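See below for the structure under consideration.
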Amino acid sequence: MSTTDQYKNCNLVCLKGLGEGAEKKTDVVVAGRRADATEHVLFFGGDVQDYPEEMMSHRDNGQYVRWNSLATAALLCRRFPSAMVMVIKPHHMHLKTFSVYSQFVESSDFGCPTHSANYGACQRLLEIQDRGLMGIPPLVDRRQVMVKQHIPRAVQTAVPRLPVTDPPKVPVHLIGFSKGCIVLNQLIFELGHVKEDKSLSTFLSQVHAMTWLDGGHNGGSNTWVTDPQVLQQLAALSVDVTVHVTPYQVKDSMRKWIGKEKKKFVELLVKAGAKVSDNLHFDDLPVSIDNHFRVLEVF
2 MSTTDQYKNC
12 NLVCLKGLGE
22 GAEKKTDVVV
32 AGRRADATEH
42 VLFFGGDVQD
52 YPEEMMSHRD
62 NGQYVRWNSL
72 ATAALLCRRF
82 PSAMVMVIKP
92 HHMHLKTFSV
102 YSQFVESSDF
112 GCPTHSANYG
122 ACQRLLEIQD
132 RGLMGIPPLV
142 DRRQVMVKQH
152 IPRAVQTAVP
162 RLPVTDPPKV
172 PVHLIGFSKG
182 CIVLNQLIFE
192 LGHVKEDKSL
202 STFLSQVHAM
212 TWLDGGHNGG
222 SNTWVTDPQV
232 LQQLAALSVD
242 VTVHVTPYQV
252 KDSMRKWIGK
262 EKKKFVELLV
272 KAGAKVSDNL
282 HFDDLPVSID
292 NHFRVLEVF
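Just so you know, we're using this note's numbering here: the sequence shown kicks off at 2 and counts up by one.
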């Protein structure tokens, strides 16, 4: 698919620096529908995934440029044609490679998480979504945003306005891919804490689906949530939980804990009464990072 076709009719726009405080500022790539969206898809990507020009400037990461943040937004736009897609970028990319979601979860230099019950990820996500909705020009002011791989893009940058009315309440679908799954994990660690906050409870009531796509990070454990009490709180939300994995993560002989934790995650959720769809892809093919990325196309 050519670059032009890849971004056609996606209404891409980049919102810069959403959120309060320099340490919490977040870029968001928005695609798809706007005021008439029937769903908000909030996506958190993995290591390597960045703006195309940043990926091309790296010695190794340019070979994966087809999975850049803008292309992923366009891919999700086609996957969810009636939705507004928000690709929520990490706070920064360590060494231009490792996604560090420190605005959502306590993180090491390489982005490995330390989860807690009150870090504030739910509050931050609500702020980003609301400010993003207020900051988006309607269909980018009817002007096409040109986005080109290998060439610094001409991006419409929007400065979020102060909200004058409450943003519309539409169903929310949270999706994490690879490292980005740590944000979903942190959100469910906070479920017990946020029940006391009316605005956060309202936001959580809008979440109808959560999707984990081949979760993994470079830490030695805690890739998947395996705390029974935490997972019981997730099951109580009655959201649709979907898991899509590949052998790249769950059958890695050097990281056997990932497959074991994923299995326990699913088993505990099912035991708690959650609706879970569990899917393994490319099991008959050689393990490869390419098929790890391809889960974005087949889920």
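Just so it is clear, CB atoms sit at the ideal spot from N, CA and C, and this is done for glycine as well. All values reported here derive from a predicted model rather than from experimental measurement.
In DSSP terms, what I189 is bridged to: As a position in the sequence shown, residue 189 is number 188, starting the count at 1. According to DSSP, which records beta bridges pairwise, I189 is partnered with nothing at all.
Top-ranked residue by Cα proximity to M87, from C11, E107, S103: The count along the sequence shown starts at 1 and reaches residue 87 at position 86. Comparing Cα positions, the closest option is C11.
CB of G236 within 8 Å of CB of L188, strictly: Taking the sequence shown and counting its residues from 1, one reaches residue 236 at position 235. Taking the sequence shown and counting its residues from 1, one reaches residue 188 at position 187. The residue asked about is misnamed: residue 236 is Ala in this sequence, not Gly. Not in contact: A236 and L188 (Cβ atoms no closer than 8 Å).
Cβ shell of V299 (< 8 Å), same chain only, five flanking positions each side left out: Counted from its first residue, the sequence shown places residue 299 at position 298. So the qualifying residues of the chain are H245, H282.
Stretch-stretch touch, CB-based, cutoff 8 Å, three pairs: the segment 10 to 30 with the segment 59 to 78: yes
Minimum C-alpha distance to T243 - residue among D215, V195, Q250: For the purposes of this step, residue 243 is taken as the residue at position 242 of the sequence shown. Of the listed residues, the one whose Cα sits closest to T243 is D215.
Among S179, L297, F204, the one whose alpha carbon lies nearest that of I129: Stepping through the sequence shown from its first residue, residue 129 is reached at position 128. Closest option to I129, Cα to Cα, is F204.
Residue nearest to R1 in terms of C-alpha spacing, selected from V49, F99, F81: No statement about residue 1 is possible, as the shown extent of the chain runs from 2 to 300 and does not include it.
Check whether H92 and D110 have beta carbons under 8 Å apart: In the sequence shown, the residue the question calls residue 92 occupies position 91. In the sequence shown, the residue the question calls residue 110 occupies position 109. Their beta carbons are not under 8 Å apart, which means H92 does not touch D110 by this criterion.
Straight-line gap, V288 to S254 (C-alpha atoms, nearest Å): In the sequence shown, residue 288 corresponds to position 287, counting from 1. In the sequence shown, residue 254 corresponds to position 253, counting from 1. Using only the alpha carbons, I get a separation of about 11 Å.
For H245, the residue or residues it bridges with in DSSP: Walking along the sequence shown from the start, residue 245 turns up at place 244. DSSP output for H245 lists L214, N280 as bridge partner(s).
V226 at chain B interface by Cβ criterion, 8 Å: As a matter of chain content, chain B is missing from the structure shown, which is built from one protein chain.
Three-state class that DSSP yields for D291 in the structure shown: Position 290 of the sequence shown, counted from the start, is the residue given in the question as residue 291. Three-state DSSP puts D291 in a helix.
Cβ contact check for the segment 20 to 31 and the segment 53 to 61: 3 or more pairs under 8 Å: no
H41 and V184 closer than 8 Å at C-beta: Locating residue 41 in the sequence shown gives position 40, where the first residue counts as 1. Locating residue 184 in the sequence shown gives position 183, where the first residue counts as 1. It is not a contact, given that the beta carbons lie outside the stated cut-off.
Extent of the continuous beta strand (DSSP E) run through K17: Translated into positions along the sequence shown, residue 17 becomes position 16. Per DSSP, K17 belongs to the beta strand (DSSP E) from 14 to 19.
Member of G20, N219, H194 whose CA lies at the smallest distance from the CA of N119: Taking the sequence shown and counting its residues from 1, the one referred to as residue 119 is at position 118. Cα-wise, what sits closest to N119 is H194.
E191, buried or exposed, once every other Cβ within 10 Å from all chains shown has been counted against 16: Translated into the one-based positions of the sequence shown, residue 191 becomes position 190. Buried: at least 16 other Cβ atoms inside 10 Å.
N- and C-terminal bounds of the alpha helix (DSSP H) containing F266: Translated into the one-based positions of the sequence shown, residue 266 becomes position 265. It spans 257 to 272 - the alpha helix (DSSP H) in which F266 sits, taken as one unbroken run.
Candidates V251, E268, P248, of which the one nearest D228 by Cα: In the sequence shown, the residue the question calls residue 228 occupies position 227. Per the Cα distances, E268.
Member of T224, K265, A275, E262 whose CA lies at the smallest distance from the CA of M211: Taking the sequence shown and counting its residues from 1, one reaches residue 211 at position 210. Looking from the CA of M211, the closest CA among T224, K265, A275, E262 belongs to A275.
Among L126, K272, G220, R295, the one whose alpha carbon lies nearest that of L19: For the purposes of this step, residue 19 is taken as the residue at position 18 of the sequence shown. The shortest Cα separation from L19 among L126, K272, G220, R295 belongs to L126.
C-beta atoms of G33 and C78 nearer than 8 Å: As a position in the sequence shown, residue 33 is number 32, starting the count at 1. As a position in the sequence shown, residue 78 is number 77, starting the count at 1. Yes, they are a contact pair.
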